[in-house]
Amino acid sequence: MIDVYRFYEILWDRYGYPGWWPVYSKKSLEGFDSAGYRLYLPAYPLPQDEIDQIVISAVLTQNTAWTNVEKALSELSYKGCLTKEAVMQGPLSDLKMWIRSSGCYNQKAEKLKKICNYLSCVDTPDRKGLLSVWGIGPETADSILLYAYAEPLFIADAYARRVFSRLGLLPLRMEYQAAADVVHGCTPGDWEWYQNFHGLIVAFAKEFCKKKPLCSGCPARPYCSRAGL
DNA sequence: CCCCAGGGAATTC
DNA sequence: GAATTCCATGGG
Numbered sequence: 006m007i008d009v010y011r012f013y014e015i016l017w018d019r020y021g022y023p024g025w026w027p028v029y030s031k032k033s034l035e036g037f038d039s040a041g042y043r044l045y046l047p048a049y050p051l052p053q054d055e056i057d058q059i060v061i062s063a064v065l066t067q068n069t070a071w072t073n074v075e076k077a078l079s080e081l082s083y084k085g086c087l088t089k090e091a092v093m094q095g096p097l098s099d100l101k102m103w104i105r106s107s108g109c110y111n112q113k114a115e116k117l118k119k120i121c122n123y124l125s126c127v128d129t130p131d132r133k134g135l136l137s138v139w140g141i142g143p144e145t146a147d148s149i150l151l152y153a154y155a156e157p158l159f160i161a162d163a164y165a166r167r168v169f170s171r172l173g174l175l176p177l178r179m180e181y182q183a184a185a186d187v188v189h190g191c192t193p194g195d196w197e198w199y200q201n202f203h204g205l206i207v208a209f210a211k212e213f214c215k216k217k218p219l220c221s222g223c224p225a226r227p228y229c230s231r232a233g234l
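Residues 6 to 234 (the numbering used here) are what the first sequence spells out, left to right.
Laid out in structure tokens, this is it:
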């Protein structure tokens, strides 16, 4: 069976630095490409406006494709509502309209209010605190901690669990925390590695390891139990 | 345990 | 071209 380090190498060789987490309002600015992806690893602490955008988009992308999130971010940017202060002050009814494309907009508008209020009350959020906020589960909390605050955490999202289970690295349909714990137990544990790995897994899952896998040309095919499909 | 909030792209029928 | 699927979190 392939080990996690070798899989990372294969993905890195194929895709290079993935540039996650995209920051919408910095498109085509210094350090970002035309889609808002980073050109190189950022220095921490991040500027506050980048932290705010990561938090907002982490909530918006729950159970939702990134293309739908981008439309909502575009609307929020146009309305000047991409900071936690603006989210806290903005009328709830407007917020709901602006993020409509991200789905579940009634709930997500409430979630944005709650997480922005929480973050304005603490200096640096911890995982327990984030999880105590209504609307923030383990995946959203880890995304915020990994990308906004450079805490070394594995994002065991749907892509990662699907890819890892097909490679035999995780059992099928393992729940989030159990999957994250397994990976934490066998990886180096620096934030750069976890950020890159998450971005690489997303790129790989979208190109090859889809729901219906495209095994032709897959760079992990020699190591995959599904080889031959 | 189940269903629902909810949109839009991808996929399947 | 219509129907189904996907996706995080929490409420009922």
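Beta carbons are placed, not taken as given, at the ideal position from N, Cα and C, and that holds for glycine.
Small disclaimer: the values here were computed from a predicted structure and weren't measured.
- Shown here, Arg-231 sits in coil according to DSSP, grouped into three states, outside any helix or strand.
- Counting the other CB atoms within 10 Å of its CB gives Trp-139 a total below 16, which places it among the exposed residues.
- Contiguous beta strand (DSSP E) elements confined to the region 67 to 130 do not occur, taking only those with 3 or more residues.
- In this structure, the beta-carbon distance from Arg-11 to Gly-24 does not fall below 8 Å.
- For Phe-213, the three-state secondary structure derived from DSSP is coil.
- For the 8 Å CB-CB criterion, Leu-174 and Ala-225 do not form a contact.
- In this structure, Ile-206 lies near Ala-165, with their beta-carbon atoms less than 8 Å apart.
- Secondary structure note for Tyr-10: its alpha helix (DSSP H) is the uninterrupted segment 9 to 20.
- With respect to the 8 Å criterion, Ala-146 and Ala-161 are not classified as neighbours on the basis of their beta carbons.
- The DSSP-derived three-state label of Arg-178 is coil.
- Boundaries cannot be given for Gly-222, as no alpha helix (DSSP H) includes it and DSSP labels it neither H nor E.
- Distance between Lys-89 and Tyr-228, taken at the CA atoms: about 44 Å.
- With 16 or more other Cβ atoms inside 10 Å of its own Cβ, Thr-66 counts as buried.
- Taking a 10 Å sphere around the C-beta of Pro-96, we find fewer than 16 other C-beta atoms and assign the residue as exposed.
- Looking at the DSSP output, Arg-43 sits in a beta bridge with Phe-37.
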